[in-house]
Amino acid sequence: MKKEYLKFLEKGAFAGDRYSLNLSSSSKSGISGSRFSKTAGNSMEFREHRDYLQGDDLRFIDWGVYARTDKLAIKTYQNEISPCVDIVLDTSKSMKIGSNKVEASLGLAALFARASENAKYHFKTWATVDEFYPVENGTKFAPLWENINFSSTRNLSEMNSSNFYNNGVRILITDLLWDGEPGHFLTKFANCASSVIVVQVLSQEDKKPAFLGDIELQDSENGTTDNFHISESVLKDYDKALTAHLANWNKACRERGIIMTSLIASEITENWLLDDLLKYEVLRFF
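Each residue of the sequence shown is one higher than the last, beginning at 2 in our numbering.
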């Protein structure tokens, strides 16, 4: 893996020291919280009452129920299980186009991994080639990850869900600059997940291209080239198309209870302040 990629992972992991995943309270924003077993435990999450049985711990008797009913009842509590997190990084060629985009994407993946560790959640990191594949050392400290190359030419919408955690949280980091109906992809991607978060990373050039004049463009996915004349009207059409594309993704995410946020790469790498994710309570300061 390229040396600069390791530096980006180090920066993101360092920035992640200040954050923790906050999925329990995030349920208020549509994200599922921690999963729980059906067995009684001694966490603070109350489940239900049941009748007192001989040998039960007297500390769990609800004396308020006894006062009202003259019956002994035991408070039972759910035993909290730490959620599992799949961090999925789009490694398509298009992610290399534009300033700071690779740095921001790798850094965000490392940040989410560190935030998962801070919350004591299990995590696994994935990348894309022909399918989603597990990153080598992708369950360890981010600077130890191997075999990440932004060289995929496969459209993510064509990929099937992989061996992601069942009932886990899935975080997708992508530019979303690929064809495909969002609803179809999201339905597949979210299958058997407790919650899904889509983090779109765009370069400033993706968001607001400023070039005017004749230009030869190469499709980053299939390598074909074509000549274009970029005028003010072309840039306006591009802006309208991008706005409609993002609106379509936002709508599909809302319909499925998925949180989506769009970030500019250069703004991420400047200070690693992720206001939207804090607002949605996906992250909290650690």
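The beta-carbon is built from N, C-alpha and C at its ideal position, and this holds for glycine as well.
Buried/exposed call for residue i, threshold 16 Cβ in 10 Å
i	result
Asp-18	exposed
Tyr-281	buried
Thr-129	buried
Cys-193	exposed
Gly-139	buried
Trp-250	buried
Gln-64	Note that residue 64 is Trp in the sequence shown here, rather than Gln. Answer is exposed; the Cβ neighbour count stays below 16.
Rounded straight-line distance, which links the Cα of residue j to that of residue i
i	j	result
Thr-70	Gly-169	41 Å
Ala-293	Cys-254	A question about residue 293 goes unanswered here, because the residues of the chain that appear run from 2 up to 287.
Ala-114	Ala-16	11 Å
Lys-208	Asp-176	11 Å
Lys-72	His-123	42 Å
Leu-1	Lys-125	This structure does not reach residue 1, given that the chain is present from 2 up to 287, and the question cannot be answered.
Arg-257	Leu-59	44 Å
Phe-229	Gly-181	24 Å
Ser-21	Ile-259	19 Å
Ala-116	Val-66	41 Å
Lys-102	Val-199	16 Å
Thr-92	Asp-227	24 Å
Ile-75	Leu-278	39 Å
Ala-111	Asn-148	15 Å
Leu-24	Ser-195	10 Å
Tyr-6	Ala-242	32 Å
Arg-171	Ile-62	39 Å
Asp-238	Trp-146	40 Å
Lys-252	Tyr-53	50 Å
Candidates the options, of which the one nearest residue i by Cα
i	options	result
Ile-265	His-230, Asp-227, Leu-109	Leu-109
Lys-12	Ser-93, Phe-133, Trp-273	Trp-273
Ser-232	Pro-210, Leu-243, Trp-250	Pro-210
Phe-287	Phe-61, Ala-120, Leu-187	Ala-120
Lys-3	Phe-151, Leu-275, Leu-178	Phe-151
Met-96	Leu-178, Lys-237, Thr-188	Leu-178
Asp-131	Ala-68, Lys-94, Asn-167, Ala-111	Lys-94
Pro-183	Ala-14, Ala-245, Asn-167	Ala-245
Arg-155	Tyr-134, Phe-142, Trp-146, Asn-164	Tyr-134
Tyr-186	Ile-174, Gly-214, Asn-161, Phe-165	One detail in the question is off: residue 186 reads as Phe in this sequence, not Tyr. Nearest of Ile-174, Gly-214, Asn-161, Phe-165 to Phe-186, Cα basis: Asn-161.
Ile-98	Asn-167, Ser-267, Cys-85, Thr-188	Ser-267
Whole-number beta carbon distance between residue j and residue i, since they are thought to touch under 8 Å
i	j	result
Glu-104	Phe-9	5 Å
Glu-206	Ser-106	Glu-206 to Ser-106, Cβ: 15 Å. No contact.
Leu-203	Ser-263	7 Å
Ile-88	Trp-127	7 Å
Proximity test, residue i beta-carbon vs the ligand PLP heavy atom, cut-off 7 Å
i	result
Ile-259	The model depicted lacks the ligand PLP and carries no ligand whatsoever.
DSSP three-state assignment for residue i, whether helix, strand or coil
i	result
Glu-206	helix
Val-170	strand
Leu-274	coil
Arg-285	strand
Glu-182	coil
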